[in-house]
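Participant: Before I ask anything, here is the structure I am working with.
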Amino acid sequence: MHRKKVYFRADASGQIGFGHFTRSLALAEMLGNDFDCVFFTVDPSGYQKREAERVCCLHPLLPESHFEDFLSCLQGDEIVVLDNYFFTTGYQKAIKAKGCRLVCIDDLHDRHYVADAVINHGVADANLFSIGPYTRLCLGVSWALLRQPFLQVLESGWHRERQRKSAVVCTGGSDPCNLVAKYLIAMRGSGIPFEKIKVMAGLNTRIPEGMPEVEILPQGLSARQVCSVLQDADMGFFSASTICLEALSVGLPSVVGYYVDNQESFYRYIVRLGAVFGIGNLMEAGKLDLSGFPGFVPASSHLDMQGIRARYTGLFKGLE
129 MHRKKVYFRA DASGQIGFGH FTRSLALAEM LGNDFDCVFF TVDPSGYQKR
179 EAERVCCLHP LLPESHFEDF LSCLQGDEIV VLDNYFFTTG YQKAIKAKGC
229 RLVCIDDLHD RHYVADAVIN HGVADANLFS IGPYTRLCLG VSWALLRQPF
279 LQVLESGWHR ERQRKSAVVC TGGSDPCNLV AKYLIAMRGS GIPFEKIKVM
329 AGLNTRIPEG MPEVEILPQG LSARQVCSVL QDADMGFFSA STICLEALSV
379 GLPSVVGYYV DNQESFYRYI VRLGAVFGIG NLMEAGKLDL SGFPGFVPAS
429 SHLDMQGIRA RYTGLFKGLE
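Just so we're aligned, residue 129 is where the sequence shown starts under my numbering, counting upward by one.
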């Protein structure tokens, strides 16, 4: 039986981070049983190759010609998934002109979309978007782009009580402003008796001196390893990125802030839901105030994260 092709187009690097790549690959894994998925990325690292090739075929692109080279790979019968800020409305139109169906993963809702579907798991307000009359919006945490181990935790109904003794800290794969250190300094002065703190360090993370309870985890952890770390922890300290959704999926109470524009709307959305303890702009605060966190209880009843895999399979089957 012929299976529809889905071509994913997303990149990762120390400069742009790994979020686009990670969540697009998570979607490819959700669809892998029903579609023939191929992942296109510029100059993939060894980590990207390992992660992608366990899910689907990987097609590397050259940095200087990736726009044209990707278009030349399209026959017109594919579903294309785009995930990055540099895919303009004009580029969307070029893909549609080939005859392809198009899905865009959005963060900033700062352009007009001609796609057949737009995914943004970080906002729920349809009025933020400029779209065609035929475009379907897939918004909010019920469309969370979660990797396989986190979907399995959700589907199993796993839960445990948290003792508030251990923590995990992560502010992204690059951490250009060393915000992990800012969190750790605030945690040290919070009065919370941390017995163990695990850090998912970014490329630029530097750990402050005098913190023997801190364990730096190796870079390039698998999704299953990250899931295990989040399940074992009692508290999380994050920037408003994909890992927040992963923490929500395993019921981890978390402190969350933002530091770049594309995180702010997601931050405000999950704080408004009562899902996380919001701490605001991590760049503007001189010292982070964690005083209200010990009594924080996440409002998990507001989250609709069941059935994500089936939701996405249904969406893409509707595009065949």
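Beta carbons are placed, not taken as given, at the ideal position from N, Cα and C, and that holds for glycine. Values in this document were obtained by computation on a predicted structure and should not be read as measured data.
Compute the beta-carbon to beta-carbon distance between S369 and G300, rounded to the nearest angstrom, for a pair I have assumed lies under 8 Å.
Facilitator: At roughly 6 Å, the Cβ-Cβ gap stays under 8 Å, so S369 and G300 are in contact.
Participant: Give the secondary structure of E341 by DSSP, where H, G and I count as helix, E and B as strand, and everything else as coil.
Facilitator: DSSP places E341 in coil when its eight states are reduced to three.
Participant: Taking 8 Å as the threshold (C-beta atoms), are D211 and I233 in contact?
Facilitator: Cβ distance < 8 Å, so I233 and D211 count as in contact.
Participant: So the beta strand (DSSP E) P188 belongs to, where does it begin and stop?
Facilitator: Per DSSP, P188 belongs to the beta strand (DSSP E) from C185 to L189.
Participant: Can you tell me where the beta strand (DSSP E) holding F198 begins and where it ends?
Facilitator: Counting along the chain, F198 falls outside any beta strand (DSSP E), though it belongs to the alpha helix (DSSP H) covering H194 to S200.
Participant: In whole angstroms, give me the CA-to-CA distance for Y175 and G147.
Facilitator: Cα to Cα, Y175 sits roughly 14 Å from G147.
Participant: Spell out the partners DSSP gives S258 in its beta bridges.
Facilitator: Answer is H240.
Participant: Mind checking C355: buried by the 16 CB within 10 Å criterion, or exposed?
Facilitator: The residue in question, C355, is buried, as its Cβ has 16 or more Cβ neighbours within 10 Å.
Participant: Using the DSSP secondary-structure output, state which residues sit across from F167 in a beta bridge.
Facilitator: DSSP output for F167 lists F136 and L186 as bridge partner(s).
Participant: Would you call the CB atoms of V297 and F365 closer than 8 Å?
Facilitator: Yes.
Participant: Who are G406's beta bridge partners in DSSP?
Facilitator: V384, per the DSSP bridge assignment.
Participant: Pick out whichever of A309, D389, L358 and Y387 has its Cα sitting closest to the Cα of E374.
Facilitator: Of A309, D389, L358 and Y387, the residue nearest in Cα terms is L358.
Participant: Considering Cα atoms alone, identify which of R137, N161 and Q143 is closest to R437.
Facilitator: Measuring from the Cα of R437, the nearest candidate turns out to be N161.
Participant: To the nearest whole angstrom, what separates the beta carbons of I335 and L312, a pair I think is in contact under 8 Å?
Facilitator: Yes, I335 and L312 are in contact; Cβ-Cβ is about 7 Å, under 8 Å.
Participant: Could you tell me whether the Cβ of L273 comes closer than 8 Å to any Cβ of chain B?
Facilitator: The chain inventory of the structure shown lacks chain B, comprising one protein chain alone.
Participant: With P191 and V170 assumed to form a contact (beta carbons below 8 Å), what rounded beta-carbon distance in angstroms separates them?
Facilitator: Indeed, because the Cβ distance is near 5 Å, the residues count as touching under 8 Å.
Participant: From P321 to M328, what does the alpha carbon distance come to, in whole angstroms?
Facilitator: One C-alpha to the other measures close to 20 Å.
Participant: Of all the options Y213, L447 and L307, which has the alpha carbon lying nearest to the alpha carbon of D238?
Facilitator: If we check each option's Cα against that of D238, Y213 comes out closest.
Participant: Do A156 and C184 count as a contact pair if the criterion is CB distance below 8 Å?
Facilitator: Yes. Within cutoff.
Participant: Starting from the C-beta of L189, find all residues in its chain whose C-beta is less than 7 Å away, skip the five residues before and the five after it, and write them out in chain order.
Facilitator: F168, T169, V170, D197 and F198.
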